[in-house]
Structure formats: C-alpha cells, structure tokens
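All residue numbers for the sequence shown refer to full-length UniProt numbering, where the first residue is 1 and numbers rise by one. No residue lacks a Cβ here, since even glycine has one placed at the ideal position from N, Cα and C. Predicted model only: the values in this text are computed from it and were never measured. Right, one structure below, let's go through it.
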Amino acid sequence: MKNNFSGFIDNVIHDLEEASPVAKAKLKEIYPIKFKVSLDGHKDIFISLDEDKKEISFSKVSGINFEIRSSLSECISLLINKKINKEIIFGDTELAIVFINSIIKSDIDLIFLIDKYLGNFPATFAHLIKEKLFIHNQYNNKNELQSKLRNLSIRLDRLEAMNNL
C-alpha cells in the first residue's frame, strides 16, 4: 500500500510540474520539504518531497517543516477557491504558503487529477463541492449587494426627509 501512495504522490507532483514550469521551478527551490496533513476524522498523513524522491505514508516522519490541520471540505475549498487560510497552518508558515501557492496556482484541472488518480466517485464528489461552494459564494455576493442597495436607499430617504424639513 505504501508503494501505491508513493507512486500516487510522485505522479501527481510530476503532473503538476509538467503542467506548469513556474510551479516546477518553485517546487525545486523549496525541496526537500516534509509536512503533515491532519484531516478531521482521518489518520495523519506524512508527506516527504525531494527532487528525486516523493513519499507519502501514515508512519510518523521526523523533521517536519509544517503541519496542515483542517477538514477535507476545507482542503478542497482551498484548492478550488485558491485562497489560503493561514489558521490551518502550523510550523513554518512561509514555506507552507510558498508550497501551497505553487500547487494551487499551477493552472492544472484538479478535478481531472482527482478523476485520473482516485476515480470517478471522488472526482464527482469534488465537482459537487466545487459547485456548492460556487453557488454559496454567489448567493452571499447577491445578499451583500442587496444589503448595500437597501442601506443606500435608507440613506437616500433620510437625505430627502432632511431636505423637506
């Protein structure tokens, strides 16, 4: 199973590097990097990336640079919205942000990668989450606009009332 995960992470990082030469250059600058991903309700995942060797395991790794503590939906939201929540990063925050930015700004279709390496069901799940987040953000933006228009209308009414006095 460990070989499957190592091959998986190696292939994903290789695809990211090939899709974006800029991401490849950024990743080469920060290698070697070791970090831990703690997802709510799941085992801790330890990832070790070097220029030649990329490994992923559930066994503890020493010399961790940073840790990401989050939920699965929050991680997917980060990848889709491309906005980093610094509160989920512990340790070397600067290195973590450079690493995450190099991945999320690599201009690769993450849903395609999920489909390619994890299958149709996880890709469908990720797509539905993406759509739900998009609709939720659109709904919030619509409510903000309505709220601002309402406030503007109230101010206008007050100005008219003051002019009539």
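G91 is bridged by DSSP to F66.
With contact defined as three or more Cβ pairs closer than 8 Å, the region 85–99 and the region 59–71 are in contact. Using a Cβ distance threshold of 8 Å, I33 and F99 count as a contacting pair. Put simply, the region 114–129 touches the region 73–80. At least three CB pairs are less than 8 Å apart.
Residue pairing from DSSP places F35 in a beta bridge opposite I47, F66. The shortest C-alpha to C-alpha distance from D44 to any of F58, Y31, N163 is the one to F58. Using a 10 angstroms sphere on the CB of S48, the tally of other CB atoms reaches 16 or more, which defines it as buried.
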